[in-house]
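Protein sequence lines correspond, in order, to chains A and B. So the first sequence is numbered by the numbering used here: it starts at 116 and just counts up by one. So the second sequence is numbered by the numbering used here: it starts at 116 and just counts up by one. Written below as structure tokens is the structure these notes are about.
2 protein chains.
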Amino acid sequence: MTPRGFPVSEFRTRTEHAQAAMEQAGYAALFLTTEPAVRYFSGFLTRFWESPTRPWYLIVPATGDPVAVIPSIGRALMAETWMADIRTWRAPDYRDDGVSLLADTLEELVPEGETIAVPCEIETHLRMPLADWQALQALLPRRQFTGDGGLLRRLRLIKSEAEIAKIRTACGIADRAFARVPEIARTGTPLSEVFRRFQMLCLEEGADWVLYLAGGAAEGGYADVISPANERPLQSGDVLMLDTGLIHDGYFCDFDRNYSLNAPVASHDAHAMLIDAMRAAVDIARPGKTAADLFHAIDRILTGGAGGSDAGRYGHGLGMQLTEPPSLIPEDETELAPGMVLTLEPGIAVGGGRVIVHEENIVIRETGVEWLSTPYGPRMTEIGT
Amino acid sequence: MTPRGFPVSEFRTRTEHAQAAMEQAGYAALFLTTEPAVRYFSGFLTRFWESPTRPWYLIVPATGDPVAVIPSIGRALMAETWMADIRTWRAPDYRDDGVSLLADTLEELVPEGETIAVPCEIETHLRMPLADWQALQALLPRRQFTGDGGLLRRLRLIKSEAEIAKIRTACGIADRAFARVPEIARTGTPLSEVFRRFQMLCLEEGADWVLYLAGGAAEGGYADVISPANERPLQSGDVLMLDTGLIHDGYFCDFDRNYSLNAPVASHDAHAMLIDAMRAAVDIARPGKTAADLFHAIDRILTGGAGGSDAGRYGHGLGMQLTEPPSLIPEDETELAPGMVLTLEPGIAVGGGRVIVHEENIVIRETGVEWLSTPYGPRMTEIGT
Numbered sequence: 116m117t118p119r120g121f122p123v124s125e126f127r128t129r130t131e132h133a134q135a136a137m138e139q140a141g142y143a144a145l146f147l148t149t150e151p152a153v154r155y156f157s158g159f160l161t162r163f164w165e166s167p168t169r170p171w172y173l174i175v176p177a178t179g180d181p182v183a184v185i186p187s188i189g190r191a192l193m194a195e196t197w198m199a200d201i202r203t204w205r206a207p208d209y210r211d212d213g214v215s216l217l218a219d220t221l222e223e224l225v226p227e228g229e230t231i232a233v234p235c236e237i238e239t240h241l242r243m244p245l246a247d248w249q250a251l252q253a254l255l256p257r258r259q260f261t262g263d264g265g266l267l268r269r270l271r272l273i274k275s276e277a278e279i280a281k282i283r284t285a286c287g288i289a290d291r292a293f294a295r296v297p298e299i300a301r302t303g304t305p306l307s308e309v310f311r312r313f314q315m316l317c318l319e320e321g322a323d324w325v326l327y328l329a330g331g332a333a334e335g336g337y338a339d340v341i342s343p344a345n346e347r348p349l350q351s352g353d354v355l356m357l358d359t360g361l362i363h364d365g366y367f368c369d370f371d372r373n374y375s376l377n378a379p380v381a382s383h384d385a386h387a388m389l390i391d392a393m394r395a396a397v398d399i400a401r402p403g404k405t406a407a408d409l410f411h412a413i414d415r416i417l418t419g420g421a422g423g424s425d426a427g428r429y430g431h432g433l434g435m436q437l438t439e440p441p442s443l444i445p446e447d448e449t450e451l452a453p454g455m456v457l458t459l460e461p462g463i464a465v466g467g468g469r470v471i472v473h474e475e476n477i478v479i480r481e482t483g484v485e486w487l488s489t490p491y492g493p494r495m496t497e498i499g500t
Numbered sequence: 116m117t118p119r120g121f122p123v124s125e126f127r128t129r130t131e132h133a134q135a136a137m138e139q140a141g142y143a144a145l146f147l148t149t150e151p152a153v154r155y156f157s158g159f160l161t162r163f164w165e166s167p168t169r170p171w172y173l174i175v176p177a178t179g180d181p182v183a184v185i186p187s188i189g190r191a192l193m194a195e196t197w198m199a200d201i202r203t204w205r206a207p208d209y210r211d212d213g214v215s216l217l218a219d220t221l222e223e224l225v226p227e228g229e230t231i232a233v234p235c236e237i238e239t240h241l242r243m244p245l246a247d248w249q250a251l252q253a254l255l256p257r258r259q260f261t262g263d264g265g266l267l268r269r270l271r272l273i274k275s276e277a278e279i280a281k282i283r284t285a286c287g288i289a290d291r292a293f294a295r296v297p298e299i300a301r302t303g304t305p306l307s308e309v310f311r312r313f314q315m316l317c318l319e320e321g322a323d324w325v326l327y328l329a330g331g332a333a334e335g336g337y338a339d340v341i342s343p344a345n346e347r348p349l350q351s352g353d354v355l356m357l358d359t360g361l362i363h364d365g366y367f368c369d370f371d372r373n374y375s376l377n378a379p380v381a382s383h384d385a386h387a388m389l390i391d392a393m394r395a396a397v398d399i400a401r402p403g404k405t406a407a408d409l410f411h412a413i414d415r416i417l418t419g420g421a422g423g424s425d426a427g428r429y430g431h432g433l434g435m436q437l438t439e440p441p442s443l444i445p446e447d448e449t450e451l452a453p454g455m456v457l458t459l460e461p462g463i464a465v466g467g468g469r470v471i472v473h474e475e476n477i478v479i480r481e482t483g484v485e486w487l488s489t490p491y492g493p494r495m496t497e498i499g500t
């Protein structure tokens with residue numbers, strides 16, 4: 116069992132790396148509003164973000180420790196983290212929901228004429244009311260807001276050993292749950308029941324939460340990989356797929372497994388080709404190669420290099436979020452580097468509007484790849500019919 | 116078992132209500148980016164929103180059906196809803212992640228010089244990259260973007276009978292899981308194990324997902340109501356609280372239960388006072404009363420009318436989200452109306468920095484209140500020690 120949380124040194128290192136990059140870019144502060152961004156610097160871990168009512172703010176100044184500007188309901192929990200400067204207001208407040216407290220704090224931390232950076236690129240959003248964002252800018256006419264130029268994205272791309280250990284634990288839990296799927300799925304079991312029982316297996320094997328589960332089951336393949344369960348009973352001839360993002364200590368795994376219920380030979384062949392494609396990416400993955408290189412290694416086998424499918428990519432980053440940068444697409448020239456955690460997710464059409472998708476989780480090391488999920492073989496596990 | 120999903124008539128009614136309000140306000144379109152907003156009009160239900168990579172857009176025009184502008188990975192699932200006009204791009208696209216497709220669609224649906232409304236007030240955010248939001252506005256210089264003035268908030272405040280049935284089912288599942296807590300919790304059980312086993316009970320009793328669980332256990336009360344589990348074993352003298360937001364068919368319940376492990380008399384007295392306070396709100400809740408009236412009914416009993424606590428409110432709306440408008444605070448003059456689903460959530464300090472919080476779910480009816488959760492009695496259930 117890996118220890119919960121992180122030593123304070125982890126957060127200090129993250130803050131120092133951010134501040135070094137901020138100095139280079141000329142930012143006087145980083146302004147953060149989303150769950151993973153706030154947690155990355157503070158360690159503030161709660162499911163309370165599921166409530167959309169309250170905004171939560173964190174500021175990383177050019178020097179010194181981060182400052183939290185949060186609703187008073189979160190003070191006790193934030194005080195358990197390494198954060199020392201915690202400023203609160205009683206939310207919800209219809210006249211001023213933390214905006215003036217936030218403006219005062221930024222005024223104090225950021226000298227006049229200087230720049231406050233905000234993540235604004237692809238895969239980001241601003242988790243605060245748009246009207247409050249406009250009000251905040253109006254309250255700070257002598258400070259400049261700008262995009263962070265991908266600063267936070269680059270910081271989070273490389274995981275520490277402590278982060279990798281949490282993802283590895285999450286993957287191990289999913290490995291054990293996937294191995295037990297034959298206990299809960301057979302001909303006649305409705306897919307909705309498989310979903311429910313699979314989540315219970317994940318919890319029994321040690322998951323904190325099962326925040327993501329998608330899947331499908333139909334003759335030879337399935338229509339897509341993002342659907343919730345339907346009530347259709349499993350039938351002989353089906354391929355059953357389950358794709359889970361379960362959580363251990365705030366970190367996700369994200370991989371799937373396909374199972375055969377006397378599936379047609381063509382489905383087995385397609386699955387074996389996916390494993391080949393995934394292995395082709397593993398074979399070349401090492402520091403210096405790019406996300407695009409992994410895309411092409413997979414695509415060469417799946418489409419002969421035609422350029423992918425409507426799914427849009429063959430894998431992505433993974434960590435505090437189910438999906439993170441980079442994307443395995445031809446346009447992503449992100450260089451692989453030690454500590455980068457990735458999913459490899461080749462998919463293939465099997466006719467009749469159906470697909471089969473396979474997924475594994477890896478971490479890039481100095482000399483190649485370390486598996487985080489236990490790699491699946493070319494032959495889908497048979498489930499009793 | 117309530118049927119899954121909604122008849123198309125439900126979505127048509129929602130769209131008509133939106134369009135009537137839009138006409139009054141002079142909006143040519145409503146521009147939506149968040150999961151509940153997109154689902155409210157389309158019925159698009161997937162856990163894939165857990166991935167922050169891709170934006171999803173929905174436009175409600177002044178006349179005609181809504182239009183979806185979404186990544187191609189979602190086409191198959193969106194095509195299963197009533198939506199007929201589905202426009203897709205292959206995401207992620209680093210040069211143009213749907214922005215020009217979105218701008219073209221808005222240009223087609225919104226005449227020059229007219230106004231596009233966007234939810235921008237408290238409890239909302241814009242789920243798209245800030246840079247893309249700026250690019251979209253720049254691409255549409257002859258259209259005006261404006262806040263929606265709470266239009267969507269007002270629409271969603273009143274639930275249909277079909278929505279209420281889903282919330283009632285979710286509450287029933289949680290009722291049954293709470294009744295079984297004595298099976299999984301006793302002196303010596305670590306709180307983390309209680310959390311894990313409780314989620315399994317929720318799934319066994321029929322939950323689709325258990326997206327929210329907070330709680331605590333300590334001598335006589337607990338430090339806050341938003342913490343995840345720690346590893347501390349339950350001890351004699353503890354009050355154990357579990358607060359769950361589980362999902363049935365896309366709708367939440369949100370209520371808690373307190374349990375005593377030989378808790379002190381003062382804790383039982385505090386709990387009984389919470390039940391009195393909650394009942395005082397139930398006694399006056401009917402159409403014409405306000406959210407503020409419910410706050411004061413509760414606060415009169417808990418603090419003698421001193422004005423609440425750091426938690427900020429004594430309850431809130433509930434539905435597709437764990438927390439929705441209105442808020443039970445003195446400033447919320449929202450009039451209660453039939454079909455409004457609320458939580459009543461009084462909390463009280465018990466000394467030593469500890470609190471006890473109680474919560475029930477109700478729906479406002481013509482003549483008063485219908486319970487959605489099965490109301491708890493003044494005496495906390497005793498758990499074997």
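Ideal placement from N, C-alpha and C gives every residue a C-beta, glycine not left out. Please read all numbers here as calculations on a predicted model, not as lab measurements.
- Assignment of beta strand (DSSP E) within the segment 208 to 286 of chain A, counting only whole runs of 3 or more residues, yields 230 to 233 and 259 to 262 in chain order.
- Distance from the CA atom of B/Asp212 to the CA atom of A/Thr304, rounded to whole angstroms, is 40 angstroms.
- Beta-bridge pairing by DSSP links A/Ile463 to A/Ile471.
- Annotation: Cβ neighbours of A/Gly262 in chain B (cutoff 8 angstroms, chain order): Leu245 and Ala246.
- Taking a contact as a CB-CB distance under 8 angstroms, the pair B/Arg271 and B/Tyr155 counts as one, their CB atoms being some 6 angstroms apart.
- In this structure, A/Leu409 is the residue among A/Val325, A/Leu409 and A/Ile185 with its C-alpha nearest to the C-alpha of A/Ile477.
- Within its own chain, the residues whose Cβ lies closer than 8 angstroms to the Cβ of A/Asp339, once the five positions on either side in sequence are excluded, are Gly331 and Val470, listed in chain order.
- Among the residues of chain A, none has a CB under 7 angstroms from the CB of B/Thr405; the nearest is roughly 13 angstroms distant.
- Scanning B/Pro118, B/Val465 and B/Met356 for the CA closest to the CA of B/Lys281 turns up B/Pro118.
- With fewer than 16 other Cβ atoms from the protein chains shown falling within 10 Å of its own Cβ, A/Gln139 counts as exposed.
- Looking only at A/Ala392, A/Gly352, A/Ala344 and A/Thr284, the smallest Cα-Cα distance to B/Trp324 is reached by A/Ala344.
- Looking at the DSSP output, A/Thr178 sits in no beta bridge, so it has no partner there.
- Residues of the same chain with a CB within less than 7 angstroms of the CB of A/Asn377, apart from the 5 flanking positions on each side, are Ser351, Gly352 and Thr500 in chain order.
- For B/Asp200, DSSP records a beta bridge to B/Val182.
- Beta-carbon to beta-carbon, A/Leu192 and A/Thr168 are separated by about 16 angstroms, too far to satisfy the 8 angstroms threshold.
- Check the Cα spacing between A/Glu346 and each of A/Glu497, A/Phe159, A/Val309 and A/Arg202: the tightest is with A/Val309.
- When C-beta distances to chain B are compared with 9 angstroms, the residues of the segment 180 to 195 of chain A below that value are Pro186, Ser187, Ile188, Gly189, Arg190, Ala191, Leu192 and Glu195, in chain order.
- Cβ neighbours of B/Tyr142 within its own chain (closer than 6 angstroms, five residues either side excluded): Thr230 and Ala232.
- In this structure, A/His383 is the residue among A/Thr405, A/His383 and A/Glu450 with its C-alpha nearest to the C-alpha of A/Arg494.
- Annotation for B/Phe126: the continuous alpha helix (DSSP H) segment containing it runs Val123 to Ala140.
- Annotation: B/Pro170 to B/Ile185 spans about 7 angstroms, alpha carbon to alpha carbon.
- In the three-state scheme derived from DSSP, where H, G and I count as helix and E and B as strand, A/Tyr337 is classed as strand.
- Look at the segment 417 to 440 of chain B: the residues with a C-beta under 9 angstroms from a C-beta of chain A are Gly423, Ser424, Asp425, Ala426, Gly427, Arg428, His431, Gln436, Leu437, Thr438, Glu439 and Pro440.
- DSSP, reduced to helix, strand and coil, places B/Trp171 outside both helices and strands of the structure shown, so it counts as coil.
- For A/Pro297, the number of other beta carbons within 10 angstroms of its own is below 16, and it is reported as exposed.
- Checking the DSSP bridge columns, you'll see A/His386 has no partner listed.
- Secondary structure of B/Tyr327 (DSSP, three-state): strand.
- Pairing A/Ala333 with A/Leu355, the inter-Cα distance amounts to about 7 angstroms.
- In this structure B/Arg312 does not touch B/Leu349 by the C-beta definition: roughly 12 angstroms separates them, more than the 8 angstroms allowed.
- In terms of Cβ geometry, A/Glu474 and A/Glu460 form a close pair [threshold 8 angstroms].
- About 7 angstroms separates the Cβ atoms of B/Pro402 and B/Glu481, confirming a contact at the 8 angstroms cut-off.
- Residues of the segment 310 to 323 of chain A with a Cβ closer than 9 angstroms to any Cβ of chain B, in chain order: Phe310, Arg311, Arg312, Gln314, Met315, Leu318, Glu319, Gly321, Ala322 and Asp323.
- Within the segment 149 to 165 of chain A, the residues whose Cβ lies closer than 9 angstroms to some Cβ of chain B are Thr149, Pro151, Leu160, Thr161, Arg162, Phe163 and Glu165, listed in chain order.
- Inter-residue distance for A/Ala194 and A/Gly158 is about 11 angstroms (C-alpha atoms, whole angstroms).
- Against chain A, a Cβ distance below 9 angstroms from B/Ala253 picks out nothing, because the smallest value is about 14 angstroms.
- From the beta-carbon of A/Arg242, the residues of chain B found nearer than 8 angstroms are His240.
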